[in-house]
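Trainee: Start counting the sequence shown at 16; every next residue gets the next number (this note's numbering).
Structure below; questions to follow.
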Amino acid sequence: MKLTASAVSPSRSNQLIHWGGLFVLAAAISQLLTLINFPAAALLGSMLAGVCFAVSGNERRLWRPVFLLAQGVAGCLIATNLTPVILLSVIGNWPILLLSVSATLLFSFAISWAIRYFGKVSAETAIWAAMPGMSSAMVIIAYERNADGRVVALVQYIRLASVVVAVTMVSHLFATPATVISSASLFHFTPIALSALCSTLAIAALGPLATRYLRFLPAAAMMVPLIIGALLSASDIYHMTLPGWVLNLAFAAIGLEVGLKFTREILLRLIRMIPLALLASLALIGLSALFSLLLSYLMNVDLLTAFLATVPGSIDSVAIVAIASHVDVTFVLALQTVRMFVVVLGAPFFVRQLRRLPGWEQEEAR
Numbered sequence: 016m017k018l019t020a021s022a023v024s025p026s027r028s029n030q031l032i033h034w035g036g037l038f039v040l041a042a043a044i045s046q047l048l049t050l051i052n053f054p055a056a057a058l059l060g061s062m063l064a065g066v067c068f069a070v071s072g073n074e075r076r077l078w079r080p081v082f083l084l085a086q087g088v089a090g091c092l093i094a095t096n097l098t099p100v101i102l103l104s105v106i107g108n109w110p111i112l113l114l115s116v117s118a119t120l121l122f123s124f125a126i127s128w129a130i131r132y133f134g135k136v137s138a139e140t141a142i143w144a145a146m147p148g149m150s151s152a153m154v155i156i157a158y159e160r161n162a163d164g165r166v167v168a169l170v171q172y173i174r175l176a177s178v179v180v181a182v183t184m185v186s187h188l189f190a191t192p193a194t195v196i197s198s199a200s201l202f203h204f205t206p207i208a209l210s211a212l213c214s215t216l217a218i219a220a221l222g223p224l225a226t227r228y229l230r231f232l233p234a235a236a237m238m239v240p241l242i243i244g245a246l247l248s249a250s251d252i253y254h255m256t257l258p259g260w261v262l263n264l265a266f267a268a269i270g271l272e273v274g275l276k277f278t279r280e281i282l283l284r285l286i287r288m289i290p291l292a293l294l295a296s297l298a299l300i301g302l303s304a305l306f307s308l309l310l311s312y313l314m315n316v317d318l319l320t321a322f323l324a325t326v327p328g329s330i331d332s333v334a335i336v337a338i339a340s341h342v343d344v345t346f347v348l349a350l351q352t353v354r355m356f357v358v359v360l361g362a363p364f365f366v367r368q369l370r371r372l373p374g375w376e377q378e379e380a381r
């Protein structure tokens, strides 16, 4: 037994050292970003730390229940800002919402053709790689449909990372000092009622359970706590409590999950695709930014709100930045939520229709 313990001990100690180093690096980068008033600094800082560790060969994976719980906390955070006004906003502005979702899809379809042509990949792979939905969902569906999941994962995760960087930088540039949460409040431990915190975390914990039993629901880990929390808040039955340190832990988990996906193996295997994936991501963000100018004019909202509403990123990451920047969260969530459901639920239909367009099948056969 002693020999076995001694043989296992070094491995466990190495793991603890690696994880400890990762957490220290994530905390250091996050604190640096916080000092210069970057919104959602824990999210971006942890993502950058995860990328550094992954590409250096220290491949780690965040324990999935932790990531799902973090999504649940993000759902609770969104729920505290989600009101019946959002539903009314969706109903009252459905032409604009339809225009926004359609524009993003058209941009993505054009970029998928570029990926197909320049990347020399199958039509199925190119379409799933450019689809502006939940990255994890797009990768899973791509594998199920026998597309090249590695290419889809690379393009999707580079887009996700690019969006996180873009929205935080744009929010930092456009937000006034009064609209950004101060660095002190982000890491300040405020006294709260333990029972209130436990109740909120219990709602967040429903997220991991939902992913197991509600597979039909996109982003179930986030959506279930979001829906329950919104209903409780709207009915004045219960108002959730989320101190800053809990939010930062959740932001850090989400950031690490994104960053740690950029392993050296994936990047070396698909190194020729990296410039194309980065260009595709920047093109989609740029086109969305241009459309946000029109959206800002049509809806009479500020440019930052319009940009966050149209940018094709992960809804939890965008919502975190939107809330931290104090923009019109109702408008941002309305557009992001509608697009998420349209893309995730309608993706197979969109792929089938695109495959029928002239040029796709002929090039595939060649």
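All residues carry an ideal CB built from backbone N, CA and C; glycine is no exception.
None of the values given here were measured: they were computed from a predicted structure.
Distance check for Leu264 and Ile11, CA to CA, integer angstroms please.
Mentor: The chain is shown from 16 up to 381; residue 11 falls before or after that span and cannot be answered.
Trainee: Whole angstroms is fine: what's the gap from Val353's alpha carbon to Val116's?
Mentor: Along the sequence shown, read from residue 1 onward, the residue named residue 353 stands at position 338. Along the sequence shown, read from residue 1 onward, the residue named residue 116 stands at position 101. Cα to Cα, the separation comes out at about 8 Å.
Trainee: For Met146, I'd like the list of residues in its chain whose CB is within less than 7 Å of its CB, leaving aside the five on either flank, ordered along the chain.
Mentor: Counting from one through the sequence shown, the residue named residue 146 turns up at place 131. Only Ser123, Met153, Val358 and Ala362 meet the Cβ criterion.
Trainee: Measuring CB to CB, does Cys91 end up less than 8 Å from Leu212?
Mentor: As a first step, residue 91 must be located in the sequence shown, where it is residue number 76. As a first step, residue 212 must be located in the sequence shown, where it is residue number 197. No, Cβ-Cβ distance for Cys91 and Leu212 is not below 8 Å.
Trainee: In the DSSP assignment, the alpha helix (DSSP H) including Gly274 goes from what residue to what residue?
Mentor: Numbered from its first residue, the sequence shown carries residue 274 at position 259. Gly259 to Gly274 is the span of the alpha helix (DSSP H), which, as asked, contains Gly274.
Trainee: What do you reckon, are the CB atoms on Leu285 and Phe68 nearer than 8 Å?
Mentor: Indexing the sequence shown from 1 puts residue 285 at position 270. Indexing the sequence shown from 1 puts residue 68 at position 53. Contact: no.
Trainee: Which runs of the beta strand (DSSP E) at least 3 residues long sit entirely within the segment 302 to 336? Give them in chain order.
Mentor: Runs found: none.
Trainee: One question on the structure: do Arg75 and His33 come within less than 8 Å of each other, judged by their Cβ atoms?
Mentor: Numbered from its first residue, the sequence shown carries residue 75 at position 60. Numbered from its first residue, the sequence shown carries residue 33 at position 18. Yes, the pair counts as a contact, with Cβ atoms nearer than the cut-off.
Trainee: Could you check if Leu308 belongs to the surroundings of the ligand FAD, using beta carbon to heavy atom distance under 7 Å?
Mentor: Questions concerning the ligand FAD fall outside what the structure shown contains, since it holds no ligand whatsoever.
Trainee: Residues in the same chain with beta-carbon distance under 7 Å from Ala298, minus the five sequence neighbours each way, listed in chain order, please.
Mentor: By 1-based counting over the sequence shown, the position of residue 298 is 283. For Ala298, where only same-chain residues beyond five positions count, the Cβ hits under 7 Å are Ile126.
Trainee: Who are the Cβ neighbours of Asn108 in its own chain at under 8 Å, not counting the five residues just before and after it?
Mentor: Locating residue 108 in the sequence shown gives position 93, where the first residue counts as 1. Result list for Asn108: Met314 and Ala349, in chain order.
Trainee: Where does Met146 fall in DSSP's three states?
Mentor: To locate residue 146, count along the sequence shown from 1; it is residue 131. Looking at Met146 - three-state DSSP - the assignment turns out to be coil, as it is neither helix nor strand.
Trainee: Write down the C-beta distance between Leu291 and Phe133 rounded to the nearest angstrom, noting that I regard them as a contact closer than 8 Å.
Mentor: Numbered from 1 along the sequence shown, position 276 holds the residue referred to as residue 291. Numbered from 1 along the sequence shown, position 118 holds the residue referred to as residue 133. Rounded, the Cβ-Cβ distance is 6 Å, consistent with contact.
Trainee: In angstroms, rounded to a whole number, what distance separates the CA positions of Val182 and Val66?
Mentor: Sequence index remark: in the sequence shown, residue 182 carries index 167 (1-based). Sequence index remark: in the sequence shown, residue 66 carries index 51 (1-based). So the alpha carbons of these two residues sit roughly 18 Å apart.
Trainee: According to the Cβ coordinates, are Gly87 and Met255 closer than 8 Å?
Mentor: On the sequence shown, residue 87 is found 72 positions in, with the first residue counted as 1. On the sequence shown, residue 255 is found 240 positions in, with the first residue counted as 1. Not closer than 8 Å, so no.
Trainee: Indicate the three-state DSSP secondary structure (helix, strand or coil) for His33 in the structure shown.
Mentor: If you number the sequence shown from 1, residue 33 lands on position 18. Correct three-state label for His33: helix.
Trainee: Take Leu37 and list the residues in its own chain whose beta-carbon comes closer than 8 Å to its own, dropping the five residues that flank it on each side.
Mentor: Indexing the sequence shown from 1 puts residue 37 at position 22. Answer for Leu37: Ala64, Gly65, Phe68, Asn73, Arg75 and Leu271, listed in chain order.
Trainee: With a threshold of 8 Å on Cβ separation, who are the neighbours of Ser177 within its own chain once the five nearest residues in sequence on each side are excluded?
Mentor: Within the sequence shown, the letter at position 162 stands for residue 177. Contacts found: Leu293, Ser296, Leu297 and Ile300.
Trainee: Can you tell me where the alpha helix (DSSP H) with Arg288 in it begins and where it stops?
Mentor: Here residue 288 corresponds to residue number 273 of the sequence shown, with the count starting at 1. In the sequence under discussion, the amino acid at residue 288 is Met, which differs from the Arg named in the question. Note, Met288: premise wrong, no alpha helix (DSSP H); not H, not E.
Trainee: Let's test the definition: count the other Cβ atoms within 10 Å of the Cβ of Phe382 and tell me whether it reaches 16, buried, or not, exposed.
Mentor: Here the chain has residues from 16 to 381 only, and residue 382 is not among them.
Trainee: Do you know how far the Cα of Ala162 is from the Cα of Glu139?
Mentor: Residue mapping note: residue 139 aligns to position 124 of the sequence shown, counting from 1. Residue mapping note: residue 162 aligns to position 147 of the sequence shown, counting from 1. One C-alpha to the other measures close to 6 Å.
Trainee: Could you check what DSSP says for Val136 in three-state terms: helix, strand or coil?
Mentor: Residue mapping note: residue 136 aligns to position 121 of the sequence shown, counting from 1. Of the three classes helix, strand and coil, the one that applies to Val136 here is coil, per DSSP.
Trainee: Terminal residues of the continuous alpha helix (DSSP H) containing Ala162?
Mentor: Here residue 162 refers to the residue found at position 147 when the sequence shown is read from its first residue. Per DSSP, Ala162 belongs to no alpha helix (DSSP H) and is neither H nor E.
Trainee: Could you check whether Val342 and Thr325 sit closer than 8 Å to each other, using their CB atoms as the reference points?
Mentor: Position 310 of the sequence shown, counted from the first residue, corresponds to residue 325. Position 327 of the sequence shown, counted from the first residue, corresponds to residue 342. No. Outside cutoff.
Trainee: Report back the beta-carbon spacing between Leu84 and Ala220 to the nearest angstrom; my notes put them in contact at under 8 Å.
Mentor: On the sequence shown, position 69 is the one that residue 84 refers to. On the sequence shown, position 205 is the one that residue 220 refers to. That belief holds up - the Cβ atoms of Leu84 and Ala220 are roughly 6 Å apart, short of 8 Å.
Trainee: Round the Cβ separation of Leu59 and Leu47 to the nearest angstrom and send it over; I've been treating them as touching at under 8 Å.
Mentor: Reading the sequence shown from its first residue, position 44 is the one you call residue 59. Reading the sequence shown from its first residue, position 32 is the one you call residue 47. Actually they are not in contact, since the Cβ atoms of Leu59 and Leu47 sit about 10 Å apart, beyond 8 Å.
Trainee: Out of Leu112, Ala129 and Arg279, which has the shortest C-alpha to C-alpha gap to Phe346?
Mentor: Indexing the sequence shown from 1 puts residue 346 at position 331. Out of Leu112, Ala129 and Arg279, Leu112 has the C-alpha closest to the C-alpha of Phe346.
Trainee: The alpha helix (DSSP H) that contains Arg227, what's its start and end?
Mentor: As a working note, residue 227 is residue 212 in the sequence shown. Unbroken alpha helix (DSSP H) run through Arg227: Leu209 to Tyr228.
Trainee: Roughly how many angstroms separate the alpha carbons of Ala141 and Asp251, rounded to a whole number?
Mentor: For the purposes of this step, residue 141 is taken as residue 126 along the sequence shown, with counting starting at 1. For the purposes of this step, residue 251 is taken as residue 236 along the sequence shown, with counting starting at 1. Looking at the two C-alpha atoms, the distance is approximately 47 Å.
Trainee: Could you give the C-beta distance for Ser214 and Ser340, rounded to a whole number, given that I count them as a contact under 8 Å?
Mentor: Your numbering for residue 214 matches position 199 in the sequence shown. Your numbering for residue 340 matches position 325 in the sequence shown. Not really, about 28 Å apart at Cβ, beyond 8 Å.
Trainee: Can you tell me the Cβ-Cβ gap for Ile269 and Ala89, rounded? I've got them flagged as a contact below 8 Å.
Mentor: Along the sequence shown, read from residue 1 onward, the residue named residue 269 stands at position 254. Along the sequence shown, read from residue 1 onward, the residue named residue 89 stands at position 74. Indeed they touch by this definition, with Cβ atoms about 7 Å apart.
Trainee: Nearest CA to the CA of Ala267: which residue from Ser45, Leu31, Asn29 and Ala94?
Mentor: Taking the first residue of the sequence shown as 1, we reach residue 267 at position 252. Looking at the Cα atoms, Ser45 is the closest of the given residues.
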